[in-house]
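There are 2 protein chains.
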Amino acid sequence: MTPVKRRGEFELIAELFAPLSKGEPGAFALTDDAAALKPKPGHDIVLTTDAIVAGVHFLPDDPPATIAQKALRVNLSDIAAKGAKPRAYMLTAALPETSDDAWLKAFAEGLKHDQKKFGLTLIGGDTVATPGPLTLSVVAIGEVAQGRMLRRAHAKAGDDVWVTGTIGDAALGLRILRGDDLGLSERHRASLVARYRVPEPRVTAGQGILAIAHACLDVSDGLVADCGHMAKASKVGIELRTADIPLAAATQAAIANERANLTDLLTAGDDYELAFTAAPTDRARLTSLAAKLKIRFTRIGKVVKGKGVRVTAQDGAQLSLDRSGFTHF
Amino acid sequence: MTPVKRRGEFELIAELFAPLSKGEPGAFALTDDAAALKPKPGHDIVLTTDAIVAGVHFLPDDPPATIAQKALRVNLSDIAAKGAKPRAYMLTAALPETSDDAWLKAFAEGLKHDQKKFGLTLIGGDTVATPGPLTLSVVAIGEVAQGRMLRRAHAKAGDDVWVTGTIGDAALGLRILRGDDLGLSERHRASLVARYRVPEPRVTAGQGILAIAHACLDVSDGLVADCGHMAKASKVGIELRTADIPLAAATQAAIANERANLTDLLTAGDDYELAFTAAPTDRARLTSLAAKLKIRFTRIGKVVKGKGVRVTAQDGAQLSLDRSGFTHF
Numbered sequence: 008m009t010p011v012k013r014r015g016e017f018e019l020i021a022e023l024f025a026p027l028s029k030g031e032p033g034a035f036a037l038t039d040d041a042a043a044l045k046p047k048p049g050h051d052i053v054l055t056t057d058a059i060v061a062g063v064h065f066l067p068d069d070p071p072a073t074i075a076q077k078a079l080r081v082n083l084s085d086i087a088a089k090g091a092k093p094r095a096y097m098l099t100a101a102l103p104e105t106s107d108d109a110w111l112k113a114f115a116e117g118l119k120h121d122q123k124k125f126g127l128t129l130i131g132g133d134t135v136a137t138p139g140p141l142t143l144s145v146v147a148i149g150e151v152a153q154g155r156m157l158r159r160a161h162a163k164a165g166d167d168v169w170v171t172g173t174i175g176d177a178a179l180g181l182r183i184l185r186g187d188d189l190g191l192s193e194r195h196r197a198s199l200v201a202r203y204r205v206p207e208p209r210v211t212a213g214q215g216i217l218a219i220a221h222a223c224l225d226v227s228d229g230l231v232a233d234c235g236h237m238a239k240a241s242k243v244g245i246e247l248r249t250a251d252i253p254l255a256a257a258t259q260a261a262i263a264n265e266r267a268n269l270t271d272l273l274t275a276g277d278d279y280e281l282a283f284t285a286a287p288t289d290r291a292r293l294t295s296l297a298a299k300l301k302i303r304f305t306r307i308g309k310v311v312k313g314k315g316v317r318v319t320a321q322d323g324a325q326l327s328l329d330r331s332g333f334t335h336f
Numbered sequence: 008m009t010p011v012k013r014r015g016e017f018e019l020i021a022e023l024f025a026p027l028s029k030g031e032p033g034a035f036a037l038t039d040d041a042a043a044l045k046p047k048p049g050h051d052i053v054l055t056t057d058a059i060v061a062g063v064h065f066l067p068d069d070p071p072a073t074i075a076q077k078a079l080r081v082n083l084s085d086i087a088a089k090g091a092k093p094r095a096y097m098l099t100a101a102l103p104e105t106s107d108d109a110w111l112k113a114f115a116e117g118l119k120h121d122q123k124k125f126g127l128t129l130i131g132g133d134t135v136a137t138p139g140p141l142t143l144s145v146v147a148i149g150e151v152a153q154g155r156m157l158r159r160a161h162a163k164a165g166d167d168v169w170v171t172g173t174i175g176d177a178a179l180g181l182r183i184l185r186g187d188d189l190g191l192s193e194r195h196r197a198s199l200v201a202r203y204r205v206p207e208p209r210v211t212a213g214q215g216i217l218a219i220a221h222a223c224l225d226v227s228d229g230l231v232a233d234c235g236h237m238a239k240a241s242k243v244g245i246e247l248r249t250a251d252i253p254l255a256a257a258t259q260a261a262i263a264n265e266r267a268n269l270t271d272l273l274t275a276g277d278d279y280e281l282a283f284t285a286a287p288t289d290r291a292r293l294t295s296l297a298a299k300l301k302i303r304f305t306r307i308g309k310v311v312k313g314k315g316v317r318v319t320a321q322d323g324a325q326l327s328l329d330r331s332g333f334t335h336f
């Protein structure tokens, strides 16, 4: 009801966002009240939504393009974890007064870049003014063969537990942005900051493991917490071995400098890697899939009867984790 | 990344929101990363999203149940305008510290009430903490026969322009909540406040006119502004007659008291009625549909060649509207 003095929603949408809807006829160039998606025959529509808030999930002075990319990618990570192919998204932006035209233009460029990279189209959204922090809510829409969506709940005792990529980098990237000295080279610092600002949703891996994995989710709350969610949903236990956790060279260097420790990294968030389980008989298939996709797949543990997550250190001692991961309210 | 001290997202979702997902198996009781919707054969999926912000689209001290209802209903109004049948929704809530358990419980009750009334199910969402105002972003999902979604763009010169319900009530309801004395009875005041807090999305009307109407949208930015959007999208002009604008008894009383004027009401927002166009040969069908649905349908003007919106007063003078409606940034 409050008239906003700056610019009209319609003008802004037309200029910056309408071109992002090209390629999906049912988006009607964002000129209608709604989009109409024609479902792909034999497929289910997969929908997921995650919001990110300035000062909570990203830093207010992060580059606008990487903020846009992060808003999309945390959602694409969920689409990936379900084995679905990304198709479209909707974006709701609650913008503070500081979002000027230059900021918005750079933000739209970030969206454009990732749309092309991940093959998706903007089909709708809403833009509201807020006296609060910048808040971006994205709904990502994907497609998966009917009834085949990967679930958290299908881990089986005896399965291997796998994870894509490396763990803990984003948490260290945030520490660097907050001014912590981890004793790293400029190149290592930049690589960790990039992992925090622009996560890499594993969409090709998710689609690749669709016919192989039993259970899958994306690691956003911390590896131990998310394995806990999977264990609970599947009514099984999960055993992880610290020695097998994949770490980036920069993260290994921070640990070697005694500026980071593995326990913290296992319970930090924002990894946006996939954790999944599969039968031991599928090890060779998964190894060859990883090579084909050029994505690291690492076996980090086992699914067992029981419940909860146990983490065993290199010396055989069991890690005591006083927090199982951040939970956003 | 910031741990929130109060309660975990998972706990809150399980207690209050998970029961709201009952009836849609693909919601997986909100325990997975995403929902999987099996499309209804022969139908398109219709998606729309609107966010509401405390202090902008509702008042911070509005009852939590009506805030929940308004968040849903502004979206259902768009689903209605497209002739679609509501099926599901996702809800992202950015909650300030003041949202305690009692508030959240009452809020969830509001959702539950409207889910039952409109036949839809919660299939996902996200909850984040914010230092800013309460912000609710809903994505409503409906279904419509393939390729048949009602559009803004299909008004034809010679069509009648129709509107459901009455115009201007919500704007007066907001004035009452802000302390304006409109010289009305308690019953009239309550009816206008209810129209502001809990709009009535015309879902049965939208589905009813699907095979009759040429163009349709919902009136949220103000009748004149929204007719302007329809005229622009359809490349036609629209002529409205003030004498024919349907007004509630309470609104008529406020005008009679000289505390409100029609021009302001035509350019205020938040009506959430449907404006649509249809061939003059369909007048009898529409009148009988309105009677069957027990919803007022009123012919308020004509579609003409040309462009823009002209509003003609009872004395034949043309109204000069210095603003065509609020636009939310």
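Residue numbers (our numbering), protein chains in the order written: chain A, 8 to 336; chain B, 8 to 336.
Beta carbons: idealized from backbone N, C-alpha and C, even for Gly.
Quantities reported herein were computed from a predicted structural model and do not represent experimental measurements.
Exercise for review: Take the Cβ of residue 268(B) as the centre, count every other Cβ of all protein chains shown within 10 Å, and call the residue buried at 16 or more, exposed below.
Suggested key: exposed
Point to revise | Proximity to residue 248(A) [Cα-Cα], best of 315(A), 291(A) and 324(A) | key: 324(A)
Point to revise | Chain-ordered residues of the region 233–244 of chain B with a beta carbon less than 9 Å from chain A | key: 236, 239 and 240
Check your understanding: With respect to the alpha helix (DSSP H) encompassing residue 235(B), which residues constitute its N-terminal and C-terminal limits?
Key -> 230–241
Point to revise | residue 210(A) at chain B interface by Cβ criterion, 9 Å | key: Chain B contact via Cβ: absent.
Point to revise | CB-CB length for residue 225(B) against residue 28(B), believed under 8 Å | key: Actually they are not in contact, since the Cβ atoms of residue 225(B) and residue 28(B) sit about 26 Å apart, beyond 8 Å.
Check your understanding: Who pairs with residue 306(A) in a beta bridge, going by DSSP?
Key -> The partner list for residue 306(A) (beta bridge, DSSP) reads 169(A).
Point to revise | residue 114(A) - containing alpha helix (DSSP H), residue span | key: Bounds of the alpha helix (DSSP H) holding residue 114(A) are 108–125.
Check your understanding: Does the Cβ of residue 42(B) have 16 or more other Cβ atoms within 10 Å, making it buried, or fewer, making it exposed?
Key -> Looking at its Cβ environment, which holds 16 or more other Cβ atoms inside 10 Å, residue 42(B) is buried.
Point to revise | Cross-chain neighbours of residue 130(A) in chain B, by beta carbon under 8 Å | key: 54
**Study point:** residue 332(B) burial status per 10 Å Cβ neighbour count (16 or more: buried)
**Key:** Low confidence applies here, because residue 332(B) scores a pLDDT of 44, under 50, leaving its location unreliable; read the following figure in that light. Buried, since its Cβ has 16 or more Cβ neighbours within 10 Å.
Exercise for review: Please report how far the alpha carbon of residue 101(A) lies from the alpha carbon of residue 187(A), in whole angstroms.
Suggested key: 30 Å
Review point. Hey, residue 276(B) and residue 130(B) are a contact pair by Cβ (cut 8 Å); roughly how many whole angstroms apart?
Key: Rounded, the Cβ-Cβ distance is 29 Å, inconsistent with contact.
Review point. Can you name, in chain order, every residue of its own chain whose Cβ lies under 6 Å from the Cβ of residue 266(B), other than the five neighbours on each side?
Key: 189 and 190
Review point. Along chain B, in chain order, which residues have C-beta atoms closer than 8 Å to that of residue 74(A)?
Key: Those within 8 Å of residue 74(A) in chain B number zero; the least Cβ separation is about 14 Å.
Exercise for review: Could you work out which residues of chain A lie near residue 188(B), taking near to mean beta carbons separated by less than 9 Å?
Suggested key: Within chain A, no residue comes near residue 188(B); the closest Cβ sits about 19 Å away, beyond 9 Å.
Exercise for review: Could you check the C-alpha separation between residue 171(A) and residue 227(A) for me, to the nearest Å?
Suggested key: 13 Å
Exercise for review: Go through its chain and collect everything with a Cβ distance to residue 93(A)'s Cβ below 7 Å, but skip five positions before and after it.
Suggested key: 83, 86, 125, 126, 127, 147, 149 and 210
**Study point:** Below-9 Å beta-carbon distance, residue 335(B) vs any chain A residue
**Key:** The predicted model places residue 335(B) with a pLDDT of 34, which falls under 50 and marks its position as unreliable; any figure quoted below should be read in that light. For residue 335(B), the closest Cβ of chain A is nearer than 9 Å.
Exercise for review: Can you tell me which of the three DSSP states residue 133(A) falls into?
Suggested key: The three-state secondary structure of residue 133(A), taken from DSSP, is strand.
**Study point:** Which of helix, strand or coil DSSP assigns to residue 18(A)
**Key:** Residue 18(A) falls in the helix class under three-state DSSP.
Check your understanding: Since residue 179(B) contacts residue 258(B) with CB under 8 Å, what's their CB separation in whole angstroms?
Key -> 6 Å
**Study point:** Beta-carbon gap between residue 69(A) and residue 204(A) smaller than 9 Å
**Key:** yes
Practice item. Identify the contact partners of residue 138(A) in chain B, using a Cβ-Cβ distance below 7 Å as the criterion. Key: 139 and 140
Check your understanding: Of all Cβ atoms in chain A, is any one closer than 9 Å to the Cβ of residue 352(B)?
Key -> Residue coverage of chain B in this structure runs from 8 to 336, which leaves residue 352(B) outside it and unanswerable.
Point to revise | Simplified DSSP assignment, three categories, for residue 102(B) | key: strand
Exercise for review: Could you work out which residue in 162(A), 166(A) and 114(A) is closest to residue 141(A) when comparing CA atoms only?
Suggested key: Nearest of 162(A), 166(A) and 114(A) to residue 141(A), Cα basis: 114(A).
Point to revise | Contact set between residue 28(A) and chain B, taken where Cβ atoms lie within less than 8 Å | key: Correct list: empty, because the minimum Cβ distance to chain B is about 12 Å.
**Study point:** Where residue 92(A) falls: helix, strand or coil (DSSP)
**Key:** Of the three classes helix, strand and coil, the one that applies to residue 92(A) here is strand, per DSSP.
Exercise for review: Would you grab the beta carbon distance between residue 157(B) and residue 88(B) for me? Rounded to a whole angstrom, and I think it's under 8 Å.
Suggested key: 7 Å
Practice item. Could you pull the start and end residues of the beta strand (DSSP E) that residue 318(B) belongs to? Key: Here the beta strand (DSSP E) through residue 318(B) covers 315–319.
Exercise for review: Verify whether the separation of the beta carbon atoms of residue 308(B) and residue 220(B) is less than 9 Å.
Suggested key: no
**Study point:** Length of the line joining the Cα atoms of residue 8(B) and residue 74(A)
**Key:** Note that residue 8(B) has pLDDT 32, beneath the 50 cutoff, so the model's placement of it is unreliable and no number is given.
Review point. Going by beta carbon distance, what residues of the same chain come within less than 6 Å of residue 99(A), once the five residues before and after it are set aside?
Key: 132, 133 and 144
Check your understanding: Straight-line CA distance for residue 295(A) to residue 304(A)?
Key -> Going by the C-alpha atoms only, they are around 10 Å apart.
Practice item. Quickly, what does DSSP pair residue 285(B) with across the bridge? List them, please. Key: 167(B)
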